[in-house]
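Protein chains in written order, with this note's numbering: chain A, 1 to 251; chain B, 1 to 306; chain C, 1 to 304.
Even for Gly, the Cβ is constructed at its ideal location relative to N, Cα and C.
Reviewing the structure listed below.
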Amino acid sequence: MLKVKNLQKNFGNLRALDNVSLEVEGNSVVGLIGPNGSGKSTLFNVVSGFYEKDRGEIYFKGERIDGLTPDAIAKKGLCRTFQIAKAPEKFTVLENMLLAAERQVGENPFAALFARRRINPVEKKNVERAIELLEILQLIDLKNEYAGDLSGGQKKLLSLGRIFMRNPDMILLDEPTAGVNPTLTMQLIKVIRELQKKEHKSVLIIEHSMKVISSICDKVFVLNFGQVIAEGTPDEIQQNDKVLDAYLGCA
Amino acid sequence: MTIVNFIIYFMIMVGIYALLSMSLNFQVGYAGLINFGQVVFFCIGAYTSSLLATKTGLPLLFCFLSAMIVSGFFGYVMSIPTKSLKSDYWAIATLAAAEVIRLVALNEGWLTGGPFGVMSIPQPLQSLFSMENYPLFYLLLVAMCVVGVYFCLTLITDSPFGRDLKAIREEEDLCLSLGKNTRALKLQAMIVAGMVGGLAGALFAHYITYISPENFWPIETFLMWAMIIVGGRGNHAGAILGAALIQLFNVSTRFIGAYVALGSDSMASLRMIIIGLLIIIFVSYRPEGLIKEKKKVYHLRTSQEE
Amino acid sequence: MEISQIIVNSLIRASELSLLAIGLTMVFDILKFANFAHADYAVLGSFLTYSFNQGLGIPLLVAIVIAAILTGVFGIGIDKILFKRLRTMGVQPVSLMIVSMGVAIALRNILRLIWSSRTKTYHIAIKQPFEILGARITALQLEIIFAGLLSMVAFHLLLHRTTFGKALRAISDNRALASACAIDSEKMIKWMWFIASAYGVIGGTMIAMEHVLYPRLGFDILIPIFCAAILGGIGNPYGAMLGALILAFAENIALALDLKWLLNLGGLFHFESIQLNTGYKPAVSFVILIFVLLLKPTGILRKE
């Protein structure tokens with residue numbers, strides 16, 4: 001599904017990504033771990049088109065996507081969440097969900113004026129799907145609240161909901177459980193696994209909690225100082241010397 | 001001028017500024033485009049329509065439409081740099097662009113009449129009405145345009161397009177990550193805003209029948225800003241209210257000048273000081289303006305109805 | 001027009017603009033918003049200088065100093081009452097820009113109310129201008145260039161030899177780090193406003209003395225100083241000086257250029273002299289600004 005080859009990204013003299021190569025198969029959950037500053041978020045930003053690469057190739061579903069704008073990449077079926085969950089403050093939870101729906105009729109002024117009749121049924125369908133998702137996420141009671149009023153954890157759930165609303169083939173999750181209380185974390189993980197299985201998606205997830213990684217990831221890549229230092233199952237990398245070194249060394 | 005005539009004049013000007021205000025509000029309050037050169041649409045619309053009308057004999061409906069199209073096109077031009085520029089830089093660029101256009105109007109006399117402007121601009125359907133009734137007709141025309149634009153803009157903002165614009169205003173990166181082509185969306189918003197501004201310009205030119213670069217100083221843009229700041233950003237009714245209030249303020253201070261012992265120059269200064277203060281106070285203490293944005297609430301149908 | 005005259009005229013204009021551009025670029029860089037009222041602060045100070053000097057007969061340098069101090073205090077005051085409150089509320093820089101626009105409008109018209117919109121000129125004894133290498137220059141203009149150079153050197157010393165300067169550069173580089181190093185940001189910001197406004201007053205007075213003074217002057221020089229600051233690279237005071245120099249040259253050359261050489265296309269056409277209408281002089285800074293913003297908004301010089 002996603003193939004990253006020899007990716008390099010520099011910030012001035014700092015080499016944030018150094019010859020990074022990794023692969024994510026279809027219908028699987030892959031974890032990406034590493035100490036702070038190892039380049040995980042940078043990798044996400046380059047893959048999703050928010051940063052420009054300096055060298056390397058990125059393939060998604062067989063097509064090259066490096067160099068495309070973020071929205072073009074999203075349209076191809078690769079979506080991401082942000083480390084600090086973003087939500088337009090004055091949008092209600094439901095509106096947030098509707099925002100994410102793909103291929104909406106009426107996303108230009110001409111259609112908005114003249115194609116009203118075609119817009120309404122599509123909107124209705126999107127509302128129904130949004131409600132469905134909100135129920136799974138247990139956010140349904142907040143559907144008419146401003147997103148700005150949600151707690152951090154709820155915003156992360158909302159981010160998840162938006163992504164699933166969009167129905168991409170692959171999702172990049174940037175620390176979805178950071179700052180979320182343990183109960184909600186378990187809920188989040190459950191939802192991710194459920195929806196992923198149900199809709200056969202691929203997920204690449206940045207996480208700090210080994211517990212989370214172990215419970216949902218089929219495979220894990222470990223980054224340190226912008227390089228991939230290990231890959232394997234969660235059990236394998238937990239026993240990998242280089243990995244332990246990296247974490248202990250940076251304790 | 002009789003009281004009635006003055007009221008009609010006042011309401012026509014409120015209508016014209018309401019269009020400009022709605023246009024600016026659409027850019028600022030919906031798409032988050034901080035446009036400090038809004039007067040340029042007013043200017044281009046007025047000049048396009050009046051020059052076409054006076055130099056060629058084309059029917060006025062065509063001139064009005066051309067004004068809208070040319071202004072809309074200029075909206076497109078102005079939107080091109082939004083991709084690479086941060087909002088404050090873009091704001092400065094729009095201010096500069098508007099001034100350049102005004103200077104062109106001032107200097108290219110062969111085209112625009114230079115400092116003398118365009119005179120004897122024909123008025124639509126003039127022959128059908130007597131001299132006394134014509135202003136009333138024009139008021140009706142302007143009112144119809146205001147209602148029409150209000151209606152159209154509401155349709156546009158209540159659609160997925162409107163939702164996308166509002167989201168761009170607040171979290172552009174999120175929109176990109178959700179596959180929205182924000183550049184194209186902003187472009188479309190600018191074209192619409194340009195067209196509405198151009199319409200206002202044409203209505204103005206054919207009412208006053210004389211325009212010159214003096215009508216299009218940058219201060220006009222900031223009056224429009226005061227209108228949307230006071231009236232309420234992010235909703236069309238607020239834009240209209242703001243236009244009415246600011247115009248009312250402008251006009252009433254002219255009357256006060258007759259009673260208070262201040263020269264007209266001083267009155268003008270005082271007026272602008274208050275406008276400046278209004279901008280400062282509202283942005284600092286009531287940024288939503290007088291009419292706030294409403295929350296969009298969805299109600300599920302009860303199980304009985306299903 | 002002689003090249004030497006173009007050079008002289010450009011140096012004068014550059015001196016006037018750079019002092020204003022330096023202050024603007026500092027505020028833009030440190031507080032992250034474009035202060036649309038910056039030029040009007042300078043004009044306020046110029047009016048004060050004018051009244052002190054021409055109205056009360058106070059010697060010019062003393063008048064400038066007093067006016068600069070008063071305007072500096074004014075700049076600090078406006079920041080304290082308006083901008084600081086909004087900053088602590090965490091509003092977007094765009095809102096600060098809009099508020100500064102309101103301040104500009106209000107201030108400009110207060111000046112108009114107090115001093116009326118009639119233009120003011122300094123009564124300076126008219127002496128025979130000097131002739132240097134084919135260019136005419138008056139004593140006043142020489143003084144302006146000299147004062148400009150002196151001010152820029154003073155600013156350089158300020159930036160590199162004083163604790164204030166070091167602190168300012170630290171804040172400019174990394175605000176969070178600077179406060180972690182116990183640099184009192186708030187105090188520095190006050191000093192920054194003071195210096196930005198004071199320098200503005202010097203520049204504004206130069207313009208007032210060499211041309212005329214009127215309330216709208218603030219707006220008329222606003223875009224040129226934005227142009228100079230952005231062209232030179234926001235946050236870099238040397239950039240502001242460079243930008244002012246380039247802009248001044250561009251303005252003078254653009255009008256002196258006879259485009260017919262270009263448009264005749266080597267004999268294909270025969271145009272009579274085609275020159276830019278002098279009415280377009282203000283447009284030069286606008287057009288350059290637009291081009292800079294389109295092509296390289298970071299400007300020529302990087303931040304220090």
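query, result
"Starting from the Cα of A:Asn144, find the closest Cα among A:Gly153, A:Tyr51, A:Leu134 and give me that residue.", "A:Leu134"
"To test your reading of the DSSP string, which unbroken beta strand (DSSP E) runs of 3 or more residues are found completely within the region 5 to 81 of chain A?", "14 to 24, 29 to 33, 55 to 60, 78 to 80"
"Return the residue from the list C:Thr205, C:Ala170, C:Met206 that minimises the CA-CA distance to C:Ile189.", "C:Ala170"
"Which chain C residues sit within Cβ distance under 8 angstroms of B:Met341?", "The requested residue 341 of chain B does not occur in the structure, where chain B is confined to residues 1 to 306."
"Rounded to whole angstroms, what is the Cα-Cα separation between B:Val196 and B:Met224?", "14 angstroms"
"For chain B, find out if any of its Cβ atoms is closer than 9 angstroms to the Cβ of A:Pro121; answer yes or no.", "no"
"Give me the residue from B:Ala97, B:Leu51, B:Val147 with the minimum Cα distance to B:Gly37.", "B:Ala97"
"Within the chosen definition, does the region 226 to 244 of chain B reach the region 279 to 291 of chain B through at least 3 CB pairs nearer than 8 angstroms?", "yes"
"Near A:Gly77, what residues of its chain come up, given a Cβ to Cβ distance below 6 angstroms and the 5 sequence neighbours on each side ignored?", "Pro168, Asp169"
"Select from A:Lys124, A:Gln154, A:Ala147, A:Asn120 the residue whose C-alpha is nearest the C-alpha of A:Ile136.", "A:Gln154"
"When the cut-off is 9 angstroms and only beta carbons count, does C:Pro129 lie next to chain B?", "no"
"What is the DSSP secondary structure of A:Thr257, reduced to helix, strand or coil?", "Chain A is shown only over 1 to 251; residue 257 of chain A falls outside these bounds and no answer can be derived."
"Tell me the residue span of the alpha helix (DSSP H) that contains A:Asp174.", "Unbroken run through A:Asp174 is the beta strand (DSSP E), 170 to 174; no alpha helix (DSSP H)."
"Determine, using beta carbons only, whether B:Gly276 comes closer than 9 angstroms to chain C.", "yes"
"In whole angstroms, what is the alpha-carbon distance linking B:Gln27 and C:Leu142?", "48 angstroms"
"At the 9 angstroms Cβ level, is B:Ala167 part of the contact set with chain A, yes or no?", "yes"
"Find the residues of chain B that neighbour A:Lys75, judging by a C-beta separation of less than 7 angstroms, and give them in chain order.", "Gly179"
"Alpha carbons only, please: which of B:Ile168, B:Leu153, B:Glu108, B:Thr48 is nearest the one belonging to B:Gly32?", "B:Ile168"
"Given a cut-off of 9 angstroms, decide if A:Arg80 and A:Leu173 are closer than it, judged by their beta-carbon atoms.", "yes"
"How about A:Asp169: is its C-beta nearer than 9 angstroms to some C-beta of chain B?", "no"
"Residues bridged to B:Ile44 by DSSP?", "BP columns for B:Ile44 are empty, so no partner."
"Starting from the beta carbon of B:Ser79, find every residue of chain C whose beta carbon is closer than 8 angstroms, and list them in chain order.", "Ordered by position in chain C, no residue passes the 8 angstroms Cβ test against B:Ser79, which lies about 13 angstroms from the chain."
"Given C:Leu19, which residues of its chain have a CB within under 6 angstroms of its CB, disregarding the five upstream and five downstream residues?", "Ser151, Tyr199, Ile202, Gly203"
"Less than 9 angstroms separating the beta-carbons of C:Tyr41 and C:Phe74?", "yes"
"Hey, out of B:Lys295, B:Leu277, B:Glu214, B:Phe222, whose CA is closest to B:Phe116's CA?", "B:Glu214"
"Just the Cα atoms here: how many angstroms apart are C:Leu255 and C:Thr278?", "7 angstroms"
"So C:Gly148 is in the alpha helix (DSSP H); what residue range does that whole segment cover?", "139 to 161"
"Tell me, to the nearest whole angstrom, how far the beta carbon of C:Leu24 is from that of C:Ala229; I am working on the premise that it is less than 8 angstroms.", "5 angstroms"
"Check the Cβ-Cβ distances between C:Gly102 and every residue of chain B, and say whether any is below 9 angstroms.", "yes"
"Return the bridge partner residues of A:Gly232 from the DSSP annotation.", "A:Val220"
"Identify whether C:Phe226 lies in helix, strand or coil by the three-state DSSP scheme.", "helix"
"Looking at B:Phe222 and B:Ile275, is the spacing between their C-beta atoms short of 9 angstroms?", "yes"
"Rounded to whole angstroms, what's the CA-CA distance from A:Val127 to A:Phe225? Just pull it up for me.", "44 angstroms"
"Taking Cβ to Cβ, would you say B:Asn133 is nearer than 9 angstroms to A:Asp71?", "no"
"With a threshold of 9 angstroms between beta-carbons, can B:Arg271 be considered close to chain C, or not?", "yes"
"Could you check whether the Cβ of B:Trp110 sits closer than 9 angstroms to any Cβ belonging to chain C?", "no"
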